[in-house]
Amino acid sequence: VQLQASGGGLVQAGGFLRLSCAASGDIVIFKKMGWYRQVLGSQREMVATITSDGTTNYADSVNGRFTISRGNAKNTVYLQMNGLKPEDTAVYFCNGLTTYNFNRWGQGTQVTVSS
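Using my numbering, you'd call the opening residue of the sequence shown number 1424 and step up by one each time.
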């Protein structure tokens, strides 16, 4: 199975972006999907996750500004990012955790927020 992320780009501070991630290939069920981000030279950090029953979890730094959701096709996940700040600049990665606890990562998508 492959995860394909899209929707990154360059935006001014205060703007918004919507990231999308869809799975393709082998049929798997992700019990949890999420978004992580990484700045060059730093560790990858959790941004937001959502379980198959809709339970969400957010990093404190994005809580109230970002919203994670899953599509009708259960192996899709979105991240609506509002009120973007320069410190949100990073490469964003989509993640899926299978019911057998295997992690799958998508390729990153660059988000750049200018001040």
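C-beta: ideal position from N, C-alpha, C; glycine also.
Tell me which residue opens and which closes the beta strand (DSSP E) that ASN1480 is part of. First-last of the beta strand (DSSP E) with ASN1480: 1479-1481.
Closer than 6 Å by C-beta to ALA1445: which residues in its own chain qualify, once you throw out the five before and the five after it? Chain order, please. GLN1427 and THR1499
Please list the terminal residues of the continuous beta strand (DSSP E) segment that includes TYR1501. 1499-1504
Please identify the residue among TRP1528, SER1443 and MET1456 whose C-alpha is closest to the C-alpha of MET1504. SER1443
Whose C-beta lies closer than 8 Å to the C-beta of PHE1439 among residues of the same chain, with five residues either side of it excluded? The answer, listed in chain order, is GLN1503, MET1504, ASN1505, GLY1506 and LEU1507.
Is PHE1439 close to chain D, meaning its C-beta is less than 8 Å from at least one C-beta of that chain? Absent from the structure: chain D. Only one protein chain is present.
In chain order, each beta strand (DSSP E) run of at least 3 residues that lies wholly inside the region 1428-1496: 1432-1435, 1440-1447, 1453-1461, 1468-1474, 1479-1481 and 1489-1493
Do ARG1493 and MET1456 have their CB atoms nearer than 8 Å? In this structure, MET1456 lies closer than 8 Å to ARG1493 by Cβ.
Between the Cα of THR1512 and the Cα atoms of THR1472, TYR1501, SER1538 and THR1521, which residue gives the shortest distance? SER1538
Residues of its chain near SER1475, where Cβ-Cβ distance is below 6 Å and the 5 sequence neighbours each way are ignored: So the qualifying residues of the chain are LYS1454.
DSSP beta-bridge partners of GLY1519: DSSP, once it has assigned bridges, lists MET1456 and ARG1527 as partnering GLY1519.
Here's the rule: buried if 16 or more other CB atoms are within 10 angstroms of the residue's CB, otherwise exposed. What is TYR1481? Counting the other Cβ atoms within 10 Å of the Cβ of TYR1481 gives 16 or more, which makes it buried.
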